[in-house]
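Peer 1: Residue numbers (our numbering), protein chains in the order written: chain A, 1 to 324; chain B, 325 to 653.
The C-beta atom is built at its ideal place from N, Cα and C for all residues, glycine as well.
Mind looking over this structure? Questions follow.
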Amino acid sequence: MARFVAVRLLAAIPVLLGVVLALFLMIELAPGDPIQAIVGDIPVSPEFRAQVAEKYRLDDSIWQRFMAYVGNLLQGDLGYSTAGRQPVSDLIWSRLPPTMLLVGTSLVLAAVLGTAFGMIAASAKGRWPDGFINTWVLVAFATPGFWLGQLLIALFALRLGWFPTGGMRSIGSQEAGWAGIVEVAHHLVLPVVALCSLEMASVTRVARASSIEVLSQDQITTARLKGISRPHILRRHVLRNSLLPVVTVIGFRAGTALAGTVLIESVFSWPGMGLLLTDSIVRRDNQVIIGIVLMLAVMAVLMNILTDILYGILDPRIRAGGSR
Amino acid sequence: MTDELLEVDHLTMTFAGGAGEVRAVDDVSLRVRAGECVGVVGESGSGKSMLARTLLQLLPPVDVLRCEGSIRLEGRELLGSDYRSVRTDGLSMVFQEPLSYLNPTMRIGQQIAEGLPNDVANRDRVSAVRAALAQVELPASLEIERRYPHELSGGMRQRAMIALALATRPRVLIADEPTTALDVTVQAQLLRTLYELHRRKQMGLVIITHDLGIVANMCDRVYVMYAGQIVEEAETLTLFDAPQHPYTKALLDCRPGHTDRREVNERLRGPVPDLSALDGACRFRNRCEFAATECATEPSLDRIGEAHAARCGVLPFVGLGVKWGGSRS
Ligand SMILES: Nc1ncnc2c1ncn2[C@@H]1O[C@H](COP(=O)(O)OP(=O)(O)OP(=O)(O)O)[C@@H](O)[C@H]1O
Ligand SMILES: [Mg+2]
């Protein structure tokens, strides 16, 4: 198992290098002037310009900068934020926990509820709970997360006042312990709903299809032969056997959730990496942009490895084949 | 007779097939006594599996329209009752393909344990599972209970399947072609295990097969099935000595090593009737060498001796060997 993980991690390195390179190229092509972005909207003298370019090595060729970046990266140095005036790694570390909280909660919720809804729909195939769930899946698929987020704010925060409009804590709040947890949870509800709606819909759809497939298999006949109850059959036999495609889609959906969180965090002013990313794009804080996207890519890769490990746990046949 | 465990009368199962209603099981009556081994033979598609699955109400995902007749187990009517309890005490079944009928993600031991009666206490369940495996000659030293289905050989898997089916302590066990997927030596061992088990437990055993050799070796009585109906029933010796129905005769003549095999294959040429488009004539008519004008109406299953019955409208002629020829298309 350890060897398997090591191999997968090594295989991820070229992927991550590719990500960095692509980012370098894209930022190079984007319009705008980084020096102007650093100083703000005031005229800049050529001397100052040269000074800044010198300091941040803005005049080097893209290859030189790329190689220097990778060199620093290997030493754990993600660069320096021109706008934040601190090391990029510090900035990202401080923004990582809120993003993990938001994305993690959304994915867990999408996985658990999506699987449950999918199984309910499958076992009621063709009857009203199935129709209801299918309709909801369609609507959720057609609803962009950021738009849903604004809708939620308008209804539940502004009109009804049940939830805060944004942020992770109330302004100036110093709550700690339980009160602090409750406060964060309260702020978490709307962004999680906005972020996990699409993910939950896709998990539901896959879980439904794969449960229907398993329910039609011969092994379910055997389960019925033993005279065990239908809920028991669903829990003990259908669930585990239908979970492989579900795990696949969750692994895949982790990537889209990480991408989705960028917009959702902006909508809800959630102080995570996504918000930092949009801010940094506006400020042309290139090192931060690259750092964050790299971080998101690392997280997506880790999710994929986790998915493969889960496969082995769920299906003994894969475990037998993979350990050799 | 009171020692009859399973009494099935005029059982008919109709489902909605592509081209209309299909009567996959039609007017089937059968008896299984305690400690008796009964064979059901017939060619592929004759409805043997459908009959077994109708008895257990474990039908494949077809649109079942009607289930009529009566299925009594130890005097209790099963049709229309709560079938879950029937399966937990009374009737059980072994399938042809053990691999697809076992849960690939669950250890064999857990799968057997699920079938144990609820009154087996938790601490006794491990030993109950071991005992279930031991009785199908899978000794504890093999630790089969800890294995997954894909880790077993075909023969072991089918033994595990039998152990699973027996965990519910059935009075009658139906084995639907239990050895078709196995090689000949494993097949013989497995059938012996099954036979000894049913003798020891005085359990009713229904063996579904198209292998007449198995029938000759194991069964006390035989039902011959054709196109969803029983066309002949008899004690095994009687059936092999003096088959009455033309289909049974042809089937027996088809056995390997039999002299006229090629001629018989020629005789059994022609399609099995389409069950959704029956014309009310004898179903074997188009393949029967004795077919006559009488065969335009469907014959009934008539008693022709002690424990011997056949479904044929022209039996006397068949007995005399009178062939009408010409009436075959
Ligand atoms: N799942 C199904 N859906 C629709 N029709 C089916 C299904 N299974 C069987 N049938 C039909 O029911 C009839 C009886 O089939 P059955 O499987 O009982 O035959 P069998 O005697 O068991 O044959 P075999 O020896 O091949 O197992 C056939 O006409 C078959 O086409
Ligand atoms: Mg069959």
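Nearest by alpha-carbon distance to Val301/A: which of Arg8/A, Ile290/A and Arg3/A is it?
Peer 2: Arg8/A
Peer 1: Which value, in whole angstroms, describes the spacing of the CA atoms of Ser368/B and Leu244/A?
Peer 2: Roughly 35 Å between the two C-alpha positions.
Peer 1: Give me, in chain order, the residues of the same chain whose beta-carbon lies closer than 6 Å to that of Gly359/B; leave out the 5 immediate sequence neighbours on both sides.
Peer 2: Gln526
Peer 1: Would you call Ile264/A buried or exposed, if buried means 16 or more other Cβ atoms sit within 10 Å of its Cβ?
Peer 2: buried
Peer 1: What did DSSP end up calling Pro385/B once you bin it into helix, strand or coil?
Peer 2: DSSP, reduced to helix, strand and coil, places Pro385/B outside both helices and strands of the structure shown, so it counts as coil.
Peer 1: Any idea if Lys372/B is buried or exposed, counting beta-carbon neighbours within 10 angstroms, 16 or more meaning buried?
Peer 2: buried
Peer 1: Could you name the residues of the segment 113-144 of chain A whose beta carbon sits closer than 7 Å to any beta carbon of chain B, in the order they occur along the chain?
Peer 2: Within the segment 113-144 of chain A, no residue has a Cβ lying closer than 7 Å to any Cβ of chain B.
Peer 1: Please specify which runs of the beta strand (DSSP E), each continuous and at least 3 residues long, are wholly inside the segment 372-449 of chain B, giving them in chain order.
Peer 2: 387-397 and 415-418
Peer 1: Could you name the residues of the same chain whose beta carbon sits closer than 6 Å to that of Asp499/B, not counting the 5 residues immediately before and after it, in chain order?
Peer 2: What sits at residue 499/B in the sequence shown is Ala, not Asp. If we look at Ala499/B and ignore the five residues flanking it on each side, its Cβ neighbours are Val418 and Ile531.
Peer 1: Figure out for me which residue from Ala558/B, Arg396/B, Pro422/B and Val349/B has the closest Cα to the Cα of Thr222/A.
Peer 2: Closest by alpha carbon: Pro422/B.
Peer 1: State the beta-bridge partners of Asp218/A as determined by DSSP.
Peer 2: Per DSSP, none; premise fails for Asp218/A.
Peer 1: Give me the residue from Phe141/A, Asp285/A, Ser123/A and Ser280/A with the minimum Cα distance to Ser211/A.
Peer 2: Ser211/A has its Cα closest to that of Ser123/A, out of Phe141/A, Asp285/A, Ser123/A and Ser280/A.
Peer 1: If Leu277/A and Val262/A are in contact, beta carbons under 8 Å, what's the gap, nearest whole angstrom?
Peer 2: Contact between Leu277/A and Val262/A holds: CB atoms are separated by about 6 Å, below the 8 Å threshold.
Peer 1: Express the C-alpha separation of Ala633/B and Glu328/B in angstroms, rounding to a whole number.
Peer 2: Put simply, the backbone Cα of Glu328/B is about 18 Å away from that of Ala633/B.
Peer 1: Can you tell me the Cα-Cα spacing of Val182/A and Met100/A, whole angstroms?
Peer 2: 17 Å
Peer 1: With a cut-off of 5 Å, give the chain-ordered residues whose Cβ is closer than this to any heavy atom of ligand 1.
Peer 2: Ala348/B, Ser368/B, Gly369/B, Ser370/B, Gly371/B, Lys372/B, Ser373/B, Met374/B, Pro384/B and Val386/B
Peer 1: Output, in sequence order along the chain, the residues in the segment 205-231 of chain A whose CB is closer than 8 Å to any CB in chain B.
Peer 2: Listed by position along the chain: Ser216, Gln217, Asp218, Gln219, Thr221, Thr222, Ala223, Arg224, Leu225, Lys226, Gly227, Ile228 and Ser229.
Peer 1: Using a beta-carbon distance below 8 Å, is Ser416/B in contact with chain A?
Peer 2: So, interface residue.
Peer 1: Taking only beta-carbon positions, decide if Pro241/A is within less than 8 Å of chain B.
Peer 2: The question names Pro, yet the displayed sequence has Asn at residue 241/A. Contact with chain B is found for Asn241/A, since one of that chain's Cβ atoms lies less than 8 Å from the residue's Cβ.
Peer 1: Counting only beta-carbon separations shorter than 8 Å, does Phe341/B have a partner in chain A?
Peer 2: Inspection of the sequence shows that residue 341/B is occupied by Gly rather than by Phe. Cβ-Cβ to chain A under 8 Å: no for Gly341/B.
Peer 1: Grab me the residues of Ser370/B's own chain with a C-beta within less than 8 Å of its C-beta, minus the 5 sequence neighbours each way, in chain order.
Peer 2: Met549, Tyr550, Ala551, Gly552 and Val596
Peer 1: Take Ser353/B as the anchor and find which of Leu644/B, Ala558/B, Leu599/B and Gln420/B has the nearest alpha-carbon.
Peer 2: It is Ala558/B whose Cα lies nearest to the Cα of Ser353/B.
Peer 1: I need the DSSP call for Val596/B, collapsed to helix, strand or coil.
Peer 2: coil
Peer 1: Who are the near neighbours of Ser173/A in its chain, counting only those whose CB is closer than 7 Å to its CB and skipping five residues on each side?
Peer 2: Glu183
Peer 1: Report buried or exposed for Val193/A, applying the criterion of at least 16 other Cβ atoms within 10 angstroms of its Cβ.
Peer 2: buried
Peer 1: Distance check for Asp333/B and Ala452/B, CA to CA, integer angstroms please.
Peer 2: 36 Å
Peer 1: Below 8 Å between beta carbons: does that hold for Gly604/B and Glu622/B?
Peer 2: yes
Peer 1: Taking just the CA atoms, how far does Phe268/A sit from Glu345/B?
Peer 2: 60 Å
Peer 1: Along the chain, where does the beta strand (DSSP E) that runs through Met549/B open and close?
Peer 2: That run of the beta strand (DSSP E) goes Arg545 to Tyr550.
Peer 1: Is Gly604/B helix, strand or coil when you go by DSSP?
Peer 2: The answer is coil: DSSP assigns Gly604/B none of H, G, I, E or B.
Peer 1: Is the beta carbon of Gly79/A closer than 8 Å to that of Val70/A?
Peer 2: no
Peer 1: Just to check, is the beta-carbon of Asp218/A closer than 7 Å to a non-hydrogen atom of ligand 2?
Peer 2: no
Peer 1: Going by DSSP, what residue range makes up the beta strand (DSSP E) through Met337/B?
Peer 2: Glu328 to Gly341 is the span of the beta strand (DSSP E), which, as asked, contains Met337/B.
Peer 1: List, in chain order, every chain A residue whose beta-carbon is nearer than 8 Å to that of Ser424/B.
Peer 2: Gln217, Asp218 and Gln219
Peer 1: Less than 7 Å between the CB of Asp535/B and some heavy atom of ligand 2, yes or no?
Peer 2: Asp535/B Cβ: outside cutoff for every heavy atom of ligand 2.
Peer 1: Do Val203/A and Val139/A come within 8 Å of each other at the CB atom, strictly closer than that value?
Peer 2: no
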